[in-house]
Amino acid sequence: MRPEAFDIVIPLYRARWNTRAVLEGLTTHYQPRAIHIVTPTPEVDFLKSASSQWNVAPLTIHAEEPFFQPIGLTKDTICAELDLGESLYTPGWFYQQLLKLGAPEGIPNLSEWYVVWDSDLLPVDTWPLLREGAENPEHSFALLQSNRWGNPAIVGKWETWIRSMLDVEPLTDPDGTFVPHHMWFKQAHLKTFQQQIGQYYQSDESWLLLMMRSANDFGTFSEYWSYVSWVAAIAPEDLSFYPYEH
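If you're matching positions, the sequence shown starts at 70 in the working numbering and goes up one per residue.
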């Protein structure tokens, strides 16, 4: 049976010493249909030139500032919703999370199931992203971080966001966190996730603007944990992960 074709999306703030290794590692271990990098405009030309010499899957480089122009938004208009005050977070930190959750808005024909991979996660000691299931392949990610070291105040804010915004319980694990620096996303579940954001605010404005507004209301949010908790509540059959290994 032919393996399922899927795409990988990587938000990238800046090309670094490990960028080539990450891309070539993903290509070698997972053979994606395509890799999409979303990066600030000054990085685009360098990456296009440098990657032509790399052994990588078909690669498309997207500028992050106009990424959401297909739905009439830019980075500036989205980040203008933020009022961070004394927050230690930057607008770019939140925007990267929206790039992960909103990748289908800016990438035509993105695979229904796609993987987001954080740009600093080197794929060295890897795990299968697809596993044989009883009926369909299981789209599996790995818990890579112990839950013993998180900042309780920040984790508490994430939990409050999930309970309030999504009206579901945060998914927990005895040992690991659901901030695994990579994640399978299914477009169908993202649609209902986004609809729930609008329902919370009783607004038909773009979910991207509302997500940024939620950062003002709750202080922060976690894209990975929020999405996983949503899927666990509405479609648990589509949730599969490897446990944290000590």
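Just so it is clear, CB atoms sit at the ideal spot from N, CA and C, and this is done for glycine as well.
All values derive from a computational prediction rather than experimental measurement.
Could you tell me whether the Cβ atoms of G175 and F136 are closer together than 8 Å?
yes
Would you mind stating whether N216 and D242 have Cβ atoms separated by less than 8 Å?
yes
In terms of DSSP beta bridges, what is I79 paired with?
I106
Where do the N-terminal and C-terminal ends of the alpha helix (DSSP H) with T88 fall, by residue?
88-99
Assuming the contact rule is C-beta atoms closer than 8 Å, W253 and V193 should be a hit. Round their C-beta distance to whole Å, please.
Rounded, the Cβ-Cβ distance is 20 Å, inconsistent with contact.
In the DSSP assignment, find the alpha helix (DSSP H) that holds F262 and state where it starts and stops.
256-270
Tell me which residues share the same chain as V300 and place their Cβ nearer than 7 Å to its Cβ, disregarding the 5 neighbours each side in the sequence.
H258, D307, L308
CB of K144 within 8 Å of CB of E134, strictly:
yes
Which runs of the beta strand (DSSP E), 3 residues or longer, sit entirely within the stretch 167-220?
182-186, 207-211
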